[in-house]
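In UniProt numbering, the protein residues as written are 1 to 227.
So the structure is just underneath, and the comments pick up after that.
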């Protein structure tokens, strides 16, 4: 028996065009903090999730999410900081969310959950895109591992500071990835500014191109980056 999540998974919500207006960048930033806090709680309990992704985040209302699907989660043994599984033909890894050491050695740690968290953030700010959509599992490994070290590109709606944290989550060296505890603190330090418009701006109707945002009086705008 599990709690009822009326709005289904976060992935489904983000992909539903009619719901998208409820999930502004500011709301997604709030969700990022909630997910990070939840993962920090698991880390403190010495639990690793192993399948953190937007499909496994449940939405209870437009301001509240919870981490779900602990089918792959494991408790770390006394004195151990990793969990290593044995290979079998039925093992199915969510490769697009996996750190290199998970794919190569089937080795899972809180730091590999941090990597997956970065991918989960990428899903959120792309509004449900599939990470590495055109890549096979082998191609994903070749892209993210040495010597290529390729990373998912910054989503258009992602604040610069958040993408910088995502890149840290995807550090190839496990020891260079931030801890969930540190991420929780840093998220609260980089919350994007919101401003409210006092005038309206409409693009020229004479066909001229404009690089300025169109807005109405009273609209709230989230600042993604500053020049």
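For glycine and all other residues, C-beta sits at the position ideal for the given N, C-alpha and C.
Between the segment 2-9 and the segment 106-119, do three or more beta carbon pairs fall short of 8 Å?
-> no
Return yes when the Cβ of residue 36 is within less than 7 Å of the Cβ of residue 240, no when it is not.
-> Nothing in the structure corresponds to residue 240, since the chain is present only between 1 and 227.
Just reading off the alpha helix (DSSP H) that residue 185 is part of, what are its end residues?
-> 180-189
Taking contact to mean at least 3 C-beta pairs separated by less than 8 Å, is the segment 138-153 in contact with the segment 186-203?
-> Because the criterion of three Cβ pairs below 8 Å is not met, the segment 138-153 and the segment 186-203 do not touch.
Using 6 Å as the cut-off, classify the Cβ of residue 92 as near or not near the heavy atoms of the ligand FAD, replying yes or no.
-> Ligands are entirely absent from the displayed structure, and the ligand FAD is therefore not among its contents.
Measure the C-alpha to C-alpha separation of residue 137 and residue 95 and round it to an integer number of angstroms.
-> 6 Å
Can you grab the Cα-Cα spacing for the pair residue 277 / residue 133, in whole Å?
-> Nothing about residue 277 can be reported from this structure: the residues present for the chain run from 1 to 227 only.
Using the Cα positions of residue 165 and residue 200, report the straight-line distance between them to the nearest angstrom.
-> If I take the Cα positions, the gap works out to 34 Å.
Euclidean distance between Cα positions of residue 176 and residue 99 | 13 Å
Have a look at the DSSP bridge pairing and note the partners of residue 9.
-> 58
Could you pull out every residue in the same chain whose Cβ sits closer than 7 Å to the Cβ of residue 11, ignoring the five residues on either side in sequence?
-> Setting aside the 5 residues that flank it on each side, residue 11 is surrounded in the same chain by 54, 55, 123, 128, each with a C-beta closer than 7 Å to its C-beta; the list follows chain order.
Would the beta-carbon of residue 25 fall within 7 Å of that of residue 169?
-> no
Which residues in the same chain as residue 174 place their Cβ atom closer than 6 Å to its Cβ, once the five residues preceding and following it in sequence are excluded?
-> Around residue 174: 111.
Hey, residue 67 and residue 38: beta-carbon distance below 7 Å or not?
-> yes
How would you write the range of the beta strand (DSSP E) that residue 64 sits in, first residue to last?
-> Its beta strand (DSSP E) spans residues 64-67.
Using the rule of at least 16 other Cβ atoms within 10 Å of the residue's Cβ for burial, across every protein chain shown, is residue 60 buried or exposed?
-> A residue is called buried once 16 or more other Cβ atoms fall within 10 Å of its Cβ, and residue 60, having fewer, is exposed.
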